[in-house]
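K.L.:
Numbering-wise, the sequence shown is residues 5 to 311 according to this note's numbering. Using N, Cα and C, we set each Cβ at its ideal position, and we do this for glycine too.
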Amino acid sequence: MAVRLDRVTKRFAATVAVDRVSLSIRSGELLALTGPPGAGKSTLLRLLAGLEEPSGGTIHAGGVALAAGAAERPVAFGSLAPGLPDGGGEREVIASRPAGPDACILLDEPLADFRGRERARARDALRALPAALGTAVVCAMHPDDEADARAVADRIAVLHEGRLRQCGTPAEVVDAPADEVVARFFGRPRISLVPGILEKDGQALLLGNQTVPLAGRIEETFCRDITLGIRPHHVRLTRDGAGLRGRVRSIEPCAGATLVRVDVEGVSIRALDAGEERWREGDPVRVRADPRRYVVFDDRGVRLEQR
5 MAVRLDRVTK RFAATVAVDR VSLSIRSGEL LALTGPPGAG KSTLLRLLAG LEEPSGGTIH
65 AGGVALAAGA AERPVAFGSL APGLPDGGGE REVIASRPAG PDACILLDEP LADFRGRERA
125 RARDALRALP AALGTAVVCA MHPDDEADAR AVADRIAVLH EGRLRQCGTP AEVVDAPADE
185 VVARFFGRPR ISLVPGILEK DGQALLLGNQ TVPLAGRIEE TFCRDITLGI RPHHVRLTRD
245 GAGLRGRVRS IEPCAGATLV RVDVEGVSIR ALDAGEERWR EGDPVRVRAD PRRYVVFDDR
305 GVRLEQR
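1. Can you find the residues in the same chain that come closer than 7 Å, C-beta to C-beta, to Leu51, ignoring five residues on each side of it along the sequence?
2. Where do the ends of the alpha helix (DSSP H) carrying Gly120 lie?
3. In whole angstroms, what is the alpha-carbon distance linking Ala140 and Leu110?
4. Just checking my contact of Arg296 with Arg240 at CB under 8 Å: how many whole Å lie between their CB atoms?
5. Under 6 Å Cβ to Cβ from Val306, same chain only, skipping five residues before and after it: list those, please.
6. Would you list the one or two residues that DSSP bridges to Thr173?
7. If you compare alpha carbons, which of Ala126, Arg119 and Thr242 is closest to Asp84?
8. Just the C-alpha distance for Val289 and Tyr298, rounded to the nearest angstrom, thanks.
9. What residues are listed by DSSP as bridge partners for Thr47?
10. Spatial neighbours of Arg265 within its chain, please: C-beta separation below 6 Å, excluding the five flanking residues on both sides.
11. If distances are taken between C-alpha atoms only, which option among Gly42, Thr19, Leu49 and Leu308 comes closest to Gly220?
12. Following the continuous beta strand (DSSP E) through Ala293, name the residue where it begins and the one where it ends.
13. Tell me His64's beta-bridge partners as DSSP assigns them.
14. Whole-angstrom Cβ separation of Thr38 and Val162, contact assumed at under 8 Å?
15. State yes or no: is the C-beta of Ala157 within less than 8 Å of the C-beta of Ala36?
16. What does DSSP give as the partner residues of Phe81 in its beta bridges?
17. Please state the DSSP three-state secondary structure of Phe189.
18. With DSSP as the reference, identify every bridge partner of Glu256, one or two as the case may be.
19. Identify, in the order they occur along the chain, each residue of the same chain with its Cβ nearer than 6 Å to the Cβ of Val20, setting aside the five sequence neighbours on each side.
20. Alpha carbon to alpha carbon, how far is Ala320 from His238?
21. Under the assumption that Leu49 contacts Ala144 (Cβ atoms under 8 Å), give the Cβ distance between them as a whole number of angstroms.
22. Less than 8 Å between the CB atoms is what I'm expecting for Pro134 and Pro102, so what's the real figure, rounded?
23. Near Glu203, which residues of its chain fall below 6 Å by C-beta distance, leaving aside the five closest residues on each side in sequence?
24. Determine the closest residue to Glu223 out of Gln207, Pro217, Thr231 and Gly212, with distance taken between C-alpha atoms.
25. May I ask you to report which of helix, strand or coil DSSP gives Leu55?
26. Quick check: is the beta carbon of Arg119 nearer than 8 Å to any beta carbon in chain C?
27. Which residues in the same chain have their Cβ closer than 8 Å to the Cβ of Gly270, if we skip the five residues on either side of it in sequence?
28. Would you mind listing the beta strand (DSSP E) stretches within the stretch 208-256 that are 3+ residues and don't spill past its ends, in chain order?
29. State the Cα-Cα distance for the pair Ala124 and Pro114, rounded to the nearest angstrom.
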């Protein structure tokens with residue numbers, strides 16, 4: 005374990021920028037900090053670098069508590085240099101590099117200055133940094149760079165209003181988001197969130213007047229009012245057969261496919277359709293998805309397990 009934060013808080017007057025964050029940074033990993041503007045990403049980096057003193061909680065490296073402003077500190081800021089040479093590695097980092105098994109390099113929006121082909125090379129260099137430098141790397145990523153974060157990170161920590169909402173692999177934060185905040189942040193086009201009611205002993209959802217079977221069972225003791233999340237690339241549209249009944253509301257090109265918005269029981273479900281079917285506004289349609297791909301949230305927005 006390179007660095008550990010234990011219930012770290014940072015207040016600026018009445019504003020809580022970082023709120024009781026507990027997080028372990030593993031030796032040799034690339035950890036991406038993501039979240040909307042004002043989530044606390046840059047403040048958390050400054051706390052790790054010792055440029056800010058925590059208002060509460062502690063930061064440890066190798067079991068030793070780190071004090072703000074200490075001359076010897078195994079955590080330091082770095083940057084990626086524009087005009088990267090081919091090959092990746094140590095030459096792309098500008099920093100007084102800390103050494104040792106608990107060392108950690110901090111990068112604040114490292115891809116911001118890169119465009120086009122140079123950006124792709126920078127992304128590859130960033131992904132290779134932990135192995136090239138022999139240190140952990142922590143990057144605060146711009147909100148628009150969530151796809152880059154998924155491409156380069158071993159794990160992603162999602163911050164919102166100063167709180168850590170989830171930390172996991174890219175697959176975990178996308179396919180098993182801890183709550184609706186995380187679900188909304190990841191994925192383009194955005195996830196569809198549809199209100200419903202848990203029924204049939206927790207084995208199905210009622211969306212308006214239509215029933216959606218689940219892949220497993222959700223304990224009804226949690227709640228009855230739920231929200232169903234379906235990512236557009238998991239949705240399939242057909243003219244007939246099984247599935248939710250709806251009508252096409254709009255069609256637009258999207259990344260080599262067609263983004264179709266379907267009105268189902270008064271709410272919109274998005275489908276990223278790569279098939280050859282030509283849809284028109286007003287067409288009746290059936291919406292289907294693998295129930296194992298459903299993400300179900302309770303009335304507080306917390307994900308529920310299908311067991």
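P.N.:
Judging by the given coordinates:
1. Within the same chain, Val12, Lys14, Val22, Pro58 and Ile63 come within 7 Å of Leu51 by CB-CB distance, once the 5 residues on both sides are set aside.
2. Segment Gly120 to Leu137, the alpha helix (DSSP H) holding Gly120.
3. If I take the Cα positions, the gap works out to 9 Å.
4. The beta-carbon distance between Arg296 and Arg240, rounded to whole angstroms, is 14 Å. This is too long to meet the 8 Å contact definition.
5. The answer, listed in chain order, is Asp183.
6. In the DSSP output, where bridge partners are listed per residue, Thr173 has none listed.
7. In the sequence under discussion, the amino acid at residue 84 is Leu, which differs from the Asp named in the question. Measuring C-alpha to C-alpha distances from Leu84 to each of Ala126, Arg119 and Thr242 identifies Ala126 as the nearest.
8. One C-alpha to the other measures close to 19 Å.
9. Bridge partners of Thr47: none, in fact.
10. Cβ neighbours of Arg265 beyond the five flanking positions: Arg253, Ser254, Ser272 and Arg274.
11. Minimum Cα distance to Gly220 is reached at Leu308.
12. Here the beta strand (DSSP E) through Ala293 covers Pro288 to Ala293.
13. Paired residues: Arg8 and Ala69.
14. 6 Å between Cβ atoms; contact.
15. Contact: yes.
16. Beta-bridge pairing links Phe81 to Leu110.
17. Helix, per DSSP.
18. The partner list for Glu256 (beta bridge, DSSP) reads Leu263.
19. Residues Gly166 of the same chain have their beta carbon placed closer than 6 Å to that of Val20, with the five preceding and five following residues left out of the count.
20. Nothing can be reported for residue 320, as the shown portion of the chain is limited to 5 through 311.
21. Confirmed, Cβ separation roughly 5 Å.
22. No, Pro134 and Pro102 are not in contact; Cβ-Cβ is about 13 Å, not under 8 Å.
23. Listed in chain order, the non-local C-beta contacts of Glu203 below 6 Å within the same chain comprise Leu210, local neighbours out to five positions each way being set aside.
24. Checked all of Gln207, Pro217, Thr231 and Gly212; the closest Cα to Glu223 is Gln207.
25. Reduced to three states, the DSSP call for Leu55 is coil.
26. The structure shown contains no chain C; it is built from a single protein chain.
27. Within the same chain, Gly212 come within 8 Å of Gly270 by CB-CB distance, once the 5 residues on both sides are set aside.
28. 208-211, 214-217, 229-234 and 239-242, all fully within the stretch 208-256.
29. Rounded to whole angstroms, Ala124 to Pro114 spans 12 Å at the Cα level.
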